[in-house]
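Trainee: Handing you this structure, nothing more for now.
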Amino acid sequence: MSTLRTAWLIAKKDLRIESRSGEILITTCFFAVLIAVLTSLSFYIDDTNTRIMAPGVLWLSLAFSGVLAMSRSWAREREEGVMRALLLSPSSRAGIYLGKALGAFVFLCIVETLLLPLVALLFHIDLLPVIGRLVSLLLLGTFAFVAAGTLFSAMSVRTRARELMLSVVLFPLIAPALLAGVVATREVLGGGPMSETIAWMRILGAFDLAFLGAGLALFDSLLSE
Amino acid sequence: MDFDIVKAVGLTKLYGPTRALAGVDITLRAGTITSIEGPNGSGKSTLVNILSLIMRPSRGDVRYGELTAKDNAEEIRKRLGLLSHSAMLYPDLTGRENLTLFGSLYALDNIEKRIEDAIARFETKSFLDRPVRTYSRGQTQRIALSRALLHTPRLLLLDEPTTGLDEASQARFVSAVREEKARGAIIVLVTHDDALATSLADVRVRLERGRLAESVIEAKSA
Chain A
0 MSTLRTAWLI
10 AKKDLRIESR
20 SGEILITTCF
30 FAVLIAVLTS
40 LSFYIDDTNT
50 RIMAPGVLWL
60 SLAFSGVLAM
70 SRSWAREREE
80 GVMRALLLSP
90 SSRAGIYLGK
100 ALGAFVFLCI
110 VETLLLPLVA
120 LLFHIDLLPV
130 IGRLVSLLLL
140 GTFAFVAAGT
150 LFSAMSVRTR
160 ARELMLSVVL
170 FPLIAPALLA
180 GVVATREVLG
190 GGPMSETIAW
200 MRILGAFDLA
210 FLGAGLALFD
220 SLLSE
Chain B
0 MDFDIVKAVG
10 LTKLYGPTRA
20 LAGVDITLRA
30 GTITSIEGPN
40 GSGKSTLVNI
50 LSLIMRPSRG
60 DVRYGELTAK
70 DNAEEIRKRL
80 GLLSHSAMLY
90 PDLTGRENLT
100 LFGSLYALDN
110 IEKRIEDAIA
120 RFETKSFLDR
130 PVRTYSRGQT
140 QRIALSRALL
150 HTPRLLLLDE
160 PTTGLDEASQ
170 ARFVSAVREE
180 KARGAIIVLV
190 THDDALATSL
200 ADVRVRLERG
210 RLAESVIEAK
220 SA
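Here you go:
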């Protein structure tokens, strides 16, 4: 069975389950909104600091809610020992990894469609002139996040303190990508030139490739006992 | 390439300082049911996990006919079936969706036909299109058995499969296992249930502290 076919089957299964339960999307969206609203209330916002703070709020909301989404998505594989059935099958391990990452990517993209306008509203940002560049940065950053997160979420399937383990391992690893996303977003909101945005996109793209390559190479080893 | 014999030699599994298996040698043959018995922590599930390629042994090797886990993992996995005490099914999908998903992951031809055959064999039509989480224990196990047998496995591993089943469900399970034996499958039954092992097994093996307790190995005519 080809890697892409396996990935499609796994992602389709995740989306089908989610379309019935809504569990991951509801909790993740609620958590992301909560972080954005609470942080906006925690700081005094004026015209000078709003563009500095909004990127951090946006990316941190996304990162924290993303951990929640991936953790819950993998919890479904633990339930009833179904992960054992997946590992028993002849399907490609890389395909399982890609499928789980694709599912998480779709979940987080849906969260972003809610989060981005909300952050713009809370921090008085006019999105229209920069929406294309912001969405591109978010897509690249989200992919880096799920590529690394899926790898370590899979590892946490076999760990006892799994939610804690995932956060402790994942956040230091994705910190450079997260930082790149925050700085790039700040530059875009501050009216930086397109060439600068493209440079940040290249950096995020490099993180995407690095995390994806690591995931494809290490996934099988991390799942094997 | 099908295999008629599975031969494990010197299987040892270490979890840190703990030795779950200590040099286990076992041979499993086609058309034979081998029961593996023993107390909790004796290494039964570890042995099943190694035979099913979910786990790698720290030392030792398993050969599936001419195939080895190192070189032919995908080929071997196509021929493995595992039924456990946990359902190994997605609770939010229906039984049919679970069977279709696993049939697709095994890249099976005629998945619909195979599912229809399984429906007829295990009488699951009345509940197959409901989510698995609404099933009784017996219904869940029938779908789990359908999943485990959907690809007609050569090596069928049964890890405490009758836990929580009522008498009718156990009888259905025993009948299905006998049919698989008649088909020529290599069957391993891990159980605490002495009566079940007595009624089904051709070869009985006991594990104690990761070692085969040779004094209690017994056999009956296959």
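If you read the sequences in order, they're chains A and B. Residue numbering for the first sequence follows numbering that gives the first Met the number 0, starting at 0 and increasing by one per position. Residue numbering for the second sequence follows numbering that gives the first Met the number 0, starting at 0 and increasing by one per position. Virtual Cβ for every residue (Gly too), placed ideally from N, Cα, C.
Just to confirm, is the Cβ distance from leucine 156 of chain B to valine 187 of chain B under 9 Å?
Mentor: yes
Trainee: Between the segment 23-32 of chain B and the segment 69-77 of chain B, do three or more beta carbon pairs fall short of 8 Å?
Mentor: no
Trainee: Could you check what DSSP says for proline 192 of chain A in three-state terms: helix, strand or coil?
Mentor: coil
Trainee: Would glutamate 79 of chain A and proline 90 of chain B be called neighbours here (beta carbons separated by less than 9 Å)?
Mentor: yes
Trainee: Give me the Cα-Cα distance between threonine 184 of chain A and threonine 49 of chain A, rounded to the nearest whole angstrom.
Mentor: 12 Å
Trainee: If we count the other Cβ atoms within 10 Å of its Cβ and call it buried at 16 or more, is valine 167 of chain A buried or exposed?
Mentor: Label assigned to valine 167 of chain A: exposed.
Trainee: Could you tell me if histidine 150 of chain B is buried or exposed, where buried requires 16 or more neighbouring beta carbons within 10 angstroms of its beta carbon?
Mentor: buried
Trainee: Compute the Euclidean distance between the alpha carbons of glycine 9 of chain B and lysine 69 of chain B, then round it to the nearest angstrom.
Mentor: Their Cα atoms are separated by approximately 16 Å.
Trainee: Quick check on glutamate 166 of chain B: buried or exposed, where buried means 16 or more other Cβ atoms within 10 Å of its Cβ?
Mentor: So glutamate 166 of chain B counts as exposed.
Trainee: Distance, Cα to Cα, leucine 195 of chain B vs threonine 139 of chain B?
Mentor: 20 Å
Trainee: Strictly by DSSP, which residues pair up with isoleucine 4 of chain B?
Mentor: B/Arg28
Trainee: Chain A beta carbons: is any one of them nearer than 9 Å to that of phenylalanine 101 of chain B?
Mentor: yes
Trainee: Show which residues of chain B have a CB atom less than 8 Å away from the CB atom of arginine 201 of chain A.
Mentor: Chain B residues near arginine 201 of chain A: none, gap ~36 Å exceeds 8 Å.
Trainee: I'd like to check one pair, serine 145 of chain B with threonine 162 of chain B: are the Cβ atoms closer than 9 Å?
Mentor: no
Trainee: First and last residue of the alpha helix (DSSP H) that includes glutamate 62 of chain B?
Mentor: Looking at the sequence shown, residue 62 of chain B is not glutamate but arginine. Segment 58-63 is the beta strand (DSSP E) holding arginine 62 of chain B; no alpha helix (DSSP H) there.
Trainee: For tyrosine 63 of chain B, would you say it is in contact with chain A, using Cβ-to-Cβ distances shorter than 9 Å as the test?
Mentor: no
Trainee: Can arginine 62 of chain B and valine 5 of chain B be called in contact, C-beta distance under 9 Å?
Mentor: Yes, they are a contact pair.
Trainee: Might you give, ordered along the chain, the residues of its own chain that have their beta carbon closer than 6 Å to the beta carbon of aspartate 3 of chain B, omitting 5 neighbours on each side?
Mentor: Ala29
Trainee: Identify whether glycine 21 of chain A lies in helix, strand or coil by the three-state DSSP scheme.
Mentor: DSSP places glycine 21 of chain A outside both helix and strand once states are collapsed to three, so it counts as coil.
Trainee: Tell me which residue opens and which closes the beta strand (DSSP E) that glycine 80 of chain B is part of.
Mentor: 79-83
Trainee: Suppose you measure from the CA of isoleucine 142 of chain B to the CA of leucine 85 of chain A; what does that come to, to the nearest Å?
Mentor: Approximately 16 Å between the Cα atoms of the pair.
Trainee: Mind checking the segment 72-89 of chain A against chain B and listing, in chain order, the residues whose C-beta falls within less than 8 Å of any C-beta there?
Mentor: Arg75, Glu78, Glu79, Gly80, Val81, Arg83, Ala84, Leu85, Leu86, Leu87, Ser88 and Pro89
Trainee: Using the C-alpha atoms, what's the distance from phenylalanine 42 of chain A back to glutamate 186 of chain A?
Mentor: 21 Å
Trainee: Can you tell which of B/Asp193, B/Leu164 and B/Leu154 has the C-alpha that lies nearest to the C-alpha of leucine 27 of chain B?
Mentor: Selected option, being the one with the closest Cα: B/Leu154.
Trainee: Assuming glutamate 17 of chain A and leucine 8 of chain A make a contact with CB atoms under 8 Å, what is their CB distance in whole Å?
Mentor: Actually they do not touch by this definition, with Cβ atoms about 15 Å apart.
Trainee: Spell out a yes or no on whether the segment 62-78 of chain A and the segment 106-121 of chain A are touching, meaning 3 or more CB-CB pairs, one atom from each, closer than 8 Å.
Mentor: Segments in contact, yes.
Trainee: Alpha carbon to alpha carbon, how far is serine 44 of chain B from glycine 140 of chain A?
Mentor: 41 Å
Trainee: Name, going along the chain, the residues of the segment 50-79 of chain B whose beta-carbon falls closer than 7 Å to a beta-carbon of chain A.
Mentor: Ser51, Ile53, Met54, Arg55, Glu73, Arg76, Lys77 and Leu79
Trainee: Confirm, please, whether the CB-CB distance from arginine 129 of chain B to asparagine 99 of chain B is below 9 Å.
Mentor: Here residue 99 of chain B is threonine; the residue named in the question, asparagine, does not match the sequence. For threonine 99 of chain B and arginine 129 of chain B, no; Cβs fall outside 9 Å.
Trainee: Give every residue of the same chain whose Cβ lies closer than 7 Å to the Cβ of arginine 208 of chain B, excluding the five residues on either side of it in the sequence, and list them in chain order.
Mentor: Ser41
Trainee: When you compare the CB positions of threonine 2 of chain A and leucine 101 of chain A, do they come within less than 9 Å of one another, or not?
Mentor: Not a contact, by the Cβ cut-off of 9 Å.
Trainee: What ranges does the beta strand (DSSP E) occupy inside the segment 113-184 of chain A, keeping only unbroken runs of at least 3 residues that lie completely in it?
Mentor: none
Trainee: Flag serine 155 of chain A as yes if its beta-carbon sits less than 9 Å from any beta-carbon of chain B, otherwise no.
Mentor: Interface flag for serine 155 of chain A against chain B is unset, since no Cβ pair is found closer than 9 Å.
Trainee: Using a Cβ cut-off of 7 Å, which residues of the segment 77-96 of chain B contact any Cβ in chain A, in chain order?
Mentor: Lys77, Leu79, Leu81, Ser83, Ser85, Ala86, Met87, Leu88, Tyr89, Pro90, Asp91 and Leu92
Trainee: Starting from threonine 5 of chain A, find everything on chain B with Cβ-Cβ shorter than 7 Å and list it in chain order.
Mentor: Here the neighbours are Leu104.
Trainee: Tell me the DSSP bridge mates of lysine 112 of chain B?
Mentor: Paired residue(s): none; lysine 112 of chain B is not in a bridge.
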